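Colleague: Residue numbers (the numbering used here), protein chains in the order written: chain A, 1 to 426; chain B, 1 to 91.
1. Quick one: what does DSSP say residue 3(A) is sitting in, helix, strand or coil?
2. What is the DSSP secondary structure of residue 448(A), reduced to helix, strand or coil?
3. Which residues does DSSP list as the beta-bridge partners of residue 57(B)?
4. Measuring only the C-alpha atoms, how far is residue 370(A) from residue 314(A)?
5. Could you work out which residues of chain B lie near residue 317(A), taking near to mean beta carbons separated by less than 9 Å?
6. Are residue 135(A) and residue 109(A) touching if we call contact CB-CB under 7 Å?
7. Compute the distance between the beta-carbons of residue 189(A) and residue 169(A), then report whether it is under 7 Å.
8. Any idea if residue 390(A) is buried or exposed, counting beta-carbon neighbours within 10 angstroms, 16 or more meaning buried?
9. Thinking just about the alpha-carbon of each residue, which of 181(A), 174(A), 80(A), 211(A) is nearest to the one in residue 139(B)?
10. Between which two residues does the alpha helix (DSSP H) holding residue 320(A) run?
11. When you compare the CB of residue 42(A) with every CB in chain B, is at least one pair closer than 7 Å?
12. By the DSSP assignment, the beta strand (DSSP E) with residue 332(A) in it spans what residues?
13. Can a CB atom of chain B be found closer than 7 Å to the CB of residue 31(A)?
14. Quick one: which residues of the region 193-223 of chain A get their C-beta closer than 9 Å to a C-beta of chain B? List them in chain order.
15. Ordered along the chain, which non-local residues of its own chain (more than five positions away) have a Cβ less than 6 Å from that of residue 10(B)?
16. Nearest CA to the CA of residue 198(A): which residue from 44(B), 6(B), 71(B)?
17. Answer with yes or no whether the minimum CB distance from residue 396(A) to chain B is below 7 Å.
18. I want to verify the contact list: residues of chain A whose CB lies under 9 Å from the CB of residue 19(B), in sequence order.
19. Is residue 267(A) buried or exposed, if buried means 16 or more other CB atoms sit within 10 Å of its CB?
20. Please list, in chain order, the chain B residues whose beta carbon lies closer than 9 Å to that of residue 300(A).
21. Is the distance from the Cβ of residue 310(A) to the Cβ of residue 395(A) below 7 Å?
22. So, are the CB atoms of residue 227(A) and residue 269(A) less than 7 Å apart?
23. Assuming residue 205(A) and residue 19(B) form a contact by the criterion Cβ under 8 Å, report the distance between their Cβ atoms to the nearest whole angstrom.
24. Against residue 36(A), what residues of chain B qualify as contacts under a CB-to-CB distance less than 7 Å, listed in chain order?
25. Could you tell me whether the region 268-283 of chain A touches the region 323-335 of chain A, where touching means 3 or more Cβ pairs closer than 8 Å?
26. Could you spell out the range, first to last residue, of the beta strand (DSSP E) harbouring residue 163(A)?
27. Give the residues of chain B in contact with residue 164(A), contact being defined as C-beta atoms less than 9 Å apart.
28. Are three or more beta carbon pairs between the region 338-356 of chain A and the region 109-120 of chain A nearer than 8 Å?
29. What span of residues does the beta strand (DSSP E) with residue 109(A) cover, start to end?
30. Report the rounded CA-to-CA distance for residue 34(B) versus residue 37(A), giving the unit in angstroms.
31. According to DSSP, simplified to helix, strand and coil, what is residue 8(A)?
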């Protein structure tokens, strides 16, 4: 569709097409995601890094909007973006959590307050729907574990695109409601995410829709690079020593790495080794299992965990995530559902950040890796929190306290306060 | 044993743009041979030089990933639906 793209150093798009990540076969920058002529490998966007280098500097980026679009020269769009204020979320210095865990320099990248739908998915969807509109799609879709459905429905509503999204039928109420409110067509599929994903691939074959994570996946996934760029910028134009991020398909993990690599490549940050560690739930840990067994291929599993947002049993980018963890000296670990709940509570109690199950998984794995001596206390470590706890309240509802029910009388309060103090001291 | 095969878009150039074809086969391996018999060259797209399905393709029999069954030896029965799906999607 977009055969020739302008490559002027100062204006126009900075990407030139698509290329197979496996065999290098080139493709035009249309709506396609696999190397259909050769090996079925994933397609990646090809950039003109000389043009980017000529155009960007720390000061041009700092002068940009407080959103992912301050990095637009690194993103695969041609014209004006759909700007819903996505990105540039807080990087918190997590002193209390660091002390609790025995670290000195711990940061939380909090995408639980990303806009507009409180997860990192707003980044990828903002890019995907901008590209969808450029490619002429009027209906957009996705296969989602919940957060992506929220984001696709919301940003489609803002952009005036028709929307039909697919989720597993057993998702948390907040994720279902948080999609329906935008009035898309919502298909709740009787099955797990991998079944939803397969169905969507079949639907994508015959319906002319833009599926953000199927035929638009090369563009969509690039949005996650901004989680790498922002951390560099928020650390004062420096790379961290170690990052910990949740692994579902593995795409986010690979794109944080790509974001770091690109800023090094164009001279925005000095090169430094960064270790990449990944977090999975034991009930769906195909990548962690392969890593532990020294395999470079994934054996799919059937998910059974409360961490539904990362419950992908057949992760598309799993092999690439393993490769990155191995090459950077990182690790990939899995934690139980009970540890995930403790992780959610620990982050909330120490830092005032209420994350969902994926974030609980990340914190629990962070704790585990520290206990195993795999994170040096001196290292600048960044834990990526990708979603908001208010969407998965079911997960923690029975594991937290209850309010004291009292009369509107001082005596009633005094009695309850004494009881509360005894409980807290006990 | 007549089975229905769902063909992904990238391979429909082999099947005259048909998204679904019917073939006789008793196993997934047999189905790959049957597909190649009717649409010469298709096997080399589906499989590597050792006859193993390419890493980036998933095959499902009645919606079940064959890696949960007997992989390419998975038996097929009359009326089964086989779906060939590029693996790189979702997430």
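A virtual CB, placed ideally from N, CA and C, is assigned to each residue, including glycine. Note that the structure is predicted; figures quoted are calculated from it, not measured.
Modeller: Judging by the given coordinates:
1. Counting from one through the first chain, the residue named residue 3(A) turns up at place 3. Residue placement at residue 3(A) is flagged as unreliable, the pLDDT there being 39, under the threshold of 50; a coordinate-derived value is accordingly withheld.
2. With chain A covering 1 to 426 only, the question about residue 448(A) has no answer from this structure.
3. For the purposes of this step, residue 57(B) is identified with residue 57 of the second chain, where counting begins at 1. Beta-bridge pairing links residue 57(B) to 86(B).
4. Taking the first residue of the first chain as 1, we reach residue 370(A) at position 370. Taking the first residue of the first chain as 1, we reach residue 314(A) at position 314. One C-alpha to the other measures close to 28 Å.
5. For the purposes of this step, residue 317(A) is identified with residue 317 of the first chain, where counting begins at 1. Simply 88, 91.
6. The residue you call residue 135(A) lines up with position 135 of the first chain. The residue you call residue 109(A) lines up with position 109 of the first chain. Taking 7 Å as the Cβ cut-off, residue 135(A) and residue 109(A) do not qualify as a contacting pair.
7. Numbered from its first residue, the first chain carries residue 189(A) at position 189. Numbered from its first residue, the first chain carries residue 169(A) at position 169. Result yes, Cβ atoms of residue 189(A) and residue 169(A) sit closer than 7 Å.
8. Residue 390(A) sits at position 390 when you count from the first residue of the first chain. Residue 390(A) comes out exposed.
9. Outside the displayed range of chain B (1 to 91) lies residue 139(B), so it cannot be described from this structure.
10. For this step, residue 320(A) is matched to residue 320 along the first chain. Looking at the DSSP string, the run of the alpha helix (DSSP H) that includes residue 320(A) is 318-328.
11. For the purposes of this step, residue 42(A) is taken as the residue at position 42 of the first chain. Chain B contact via Cβ: present.
12. Here residue 332(A) corresponds to residue number 332 of the first chain, with the count starting at 1. Residues 332-335.
13. Residue numbering aside, residue 31(A) sits at position 31 when the first chain is read from its first letter. Residue 31(A) does not count as touching chain B.
14. 193, 194, 195, 196, 197, 198, 199, 200, 201, 202, 204, 205, 206, 211, 213, 214, 215, 217, 221
15. Position 10 of the second chain, counted from the first residue, corresponds to residue 10(B). Excluding sequence neighbours, residue 10(B) sits near nothing in its chain.
16. Here residue 198(A) is taken as the residue at index 198 of the first chain, counted from 1. Comparing Cα-Cα distances from residue 198(A) to each of 44(B), 6(B), 71(B), the minimum goes to 6(B).
17. Along the first chain, read from residue 1 onward, the residue named residue 396(A) stands at position 396. Not an interface residue.
18. One-based indexing of the second chain puts residue 19(B) at position 19. Result: 202, 205, 206.
19. On the first chain, position 267 is the one that residue 267(A) refers to. Looking at its Cβ environment, which holds fewer than 16 other Cβ atoms inside 10 Å, residue 267(A) is exposed.
20. The count along the first chain starts at 1 and reaches residue 300(A) at position 300. By Cβ distance, chain B contributes 58, 65, 67, 68.
21. Sequence index remark: in the first chain, residue 310(A) carries index 310 (1-based). Sequence index remark: in the first chain, residue 395(A) carries index 395 (1-based). Contact flag unset, no.
22. In the first chain, residue 227(A) corresponds to position 227, counting from 1. In the first chain, residue 269(A) corresponds to position 269, counting from 1. No, these two residues do not count as a Cβ contact at 7 Å.
23. As a working note, residue 205(A) is residue 205 in the first chain. As a working note, residue 19(B) is residue 19 in the second chain. Sure, about 6 Å apart at Cβ, within 8 Å.
24. Working through the first chain from its first residue, we reach residue 36(A) at position 36. Correct list: 10.
25. yes
26. For the purposes of this step, residue 163(A) is identified with residue 163 of the first chain, where counting begins at 1. Where residue 163(A) is concerned, the enclosing beta strand (DSSP E) stretches over 162-168.
27. Here residue 164(A) is taken as the residue at index 164 of the first chain, counted from 1. Those within 9 Å of residue 164(A) in chain B number zero; the least Cβ separation is about 16 Å.
28. yes
29. Along the first chain, read from residue 1 onward, the residue named residue 109(A) stands at position 109. Unbroken beta strand (DSSP E) run through residue 109(A): 105-110.
30. As a position in the second chain, residue 34(B) is number 34, starting the count at 1. As a position in the first chain, residue 37(A) is number 37, starting the count at 1. Using only the alpha carbons, I get a separation of about 21 Å.
31. Mapped onto the first chain, residue 8(A) falls at position 8. Residue confidence is low: residue 8(A) scores 43 on pLDDT, short of 50, so the model does not pin down where it sits. Its coordinate-derived value is still stated next. DSSP places residue 8(A) in coil when its eight states are reduced to three.
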